[in-house]
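K.L.:
Here's a structure for you.
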Amino acid sequence: MKSLTTIILVTLFYCFKCEEETLKLSIYYETLCPDSIRFFRNQLNSTYEKIGSSIEVDFIPYGFATQYKADGKWTFHCQHGTRECSGNKYHACELAQENGEEKDVQFLDCSMRSRDPTSSKQLQICAENVGVNFTSINECFKNGQGDELLIKYGERTNAVSPKISYIPTIIINDVFSQEVQNNAEFDLLNTVCKHLSKKPPACL
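Below is the structure:
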């Protein structure tokens, strides 16, 4: 009888975990890329507000950047210039603070909606509005941690198969699909809803 009870409890536990499963949404982007900015402004936040509990958002702020190391120091070159490298690094540092996904989405959304997503003054305002510690973010930006974070994001970006040829690139559950890419960029909510087996009310 005891073993039967154990089996039932284990089964219920795994069923409960199944219901909690979320879809992983990976977003490879650049802070000054017009298409990335449009995607954040028009798609991401509104979708997250509706079905955030059903998705796990994975941000990768790097894009088509390149890097090299000389005299022990990393140097980055970004598609839209030096300011974009700074913006990418600030985003990477905020994501490393473990503020929670909701605050991450709010902070990045605030940044990408601003006049200059790379401005430290604007990012400080966003941090204060969202309730995250800008001092910690700024320390990460200046002390070399931000560079190491960008290196890791660069490795992840370059490891995507097939090779990323467009930014933003949107990937569901670690598998690239051109159909998902085409649809998600302009209709993220319905694209994600189609891939959810347990659909929240906003998908119905």
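Heads up: the sequence shown runs through residues -20 to -1, 1 to 184, numbered per mature numbering (1 follows the signal peptide of the UniProt record, and there is no 0).
In this text, a Cβ means the ideal position worked out from N, Cα and C, and glycines have one as well.
The structure displayed is predicted, hence computed values, not measured ones.
1. Do we get a CB-CB distance below 7 Å when we pair Glu159 with the residues of chain C?
2. Specify, as a first and last residue, the run of the alpha helix (DSSP H) that Glu82 falls within.
3. Give every residue of the same chain whose Cβ lies closer than 7 Å to the Cβ of Gln161, excluding the five residues on either side of it in the sequence, and list them in chain order.
4. Would DSSP call His175 helix, strand or coil?
5. When the distance is taken between beta carbons, is Gln47 closer than 7 Å to Phe56?
6. Hey, Thr58 and Phe87: beta-carbon distance below 7 Å or not?
7. Assess, as a yes-or-no matter, whether the segment 164 to 175 is touched by the segment 60 to 75 under the definition of 3 or more beta carbon pairs within less than 8 Å.
8. Take Phe114 and list the residues in its own chain whose beta-carbon comes closer than 6 Å to its own, dropping the five residues that flank it on each side.
9. If we count the other Cβ atoms within 10 Å of its Cβ and call it buried at 16 or more, is residue 185 buried or exposed?
10. Measure the C-alpha to C-alpha separation of Gly43 and Pro97 and round it to an integer number of angstroms.
11. Rounded to the nearest angstrom, what separates Tyr133 and Ala45 at their Cα positions?
12. Going by DSSP, what residues sit across from His57 in a beta bridge?
13. Would you give the residue range spanned by the beta strand (DSSP E) that Phe39 belongs to?
14. Measuring only the C-alpha atoms, how far is Cys65 from Asp15?
15. Measuring only the C-alpha atoms, how far is Cys(-6) from Ser100?
16. What are the boundary residues of the alpha helix (DSSP H) that Ile144 is part of?
17. Tell me which same chain residues have a C-beta within less than 7 Å of the C-beta of Ala164, skipping the five on either side of it?
18. Would you mind reading off the limits of the alpha helix (DSSP H) that contains Leu103?
19. Looking only at C-alpha atoms, which of Ala76, Ile7 and Asn25 sits nearest to Gly126?
P.N.:
So, from the listed chains and residues:
1. Checking the listed chains, one finds no chain C in this structure; it contains a single protein chain.
2. Glu81 to Arg93
3. Thr149 and Ile150
4. coil
5. yes
6. One point to set straight first is that residue 58 is Cys, not Thr, in the sequence displayed. No, the pair does not count as a contact, with Cβ atoms beyond the cut-off.
7. Taking a cut-off of 8 Å for Cβ pairs, the segment 60 to 75 and the segment 164 to 175 do not touch, as fewer than three such pairs fall below it.
8. Hits under 6 Å: Gln104 and Ala107.
9. Look at the range of the chain in this structure, -20 to 184, and you will see that residue 185 is not part of it.
10. 15 Å
11. 10 Å
12. Thr46
13. Ile35 to Pro41
14. 17 Å
15. Bear in mind that a pLDDT of 45 at Cys(-6), under 50, signals an unreliable position, so the number given afterwards is only what the model happens to contain. When rounded, the distance between both Cα atoms is 46 Å.
16. Run containing Ile144: none; DSSP gives neither H nor E here.
17. Ile150 and Thr171
18. Ser100 to Val110
19. Ala76
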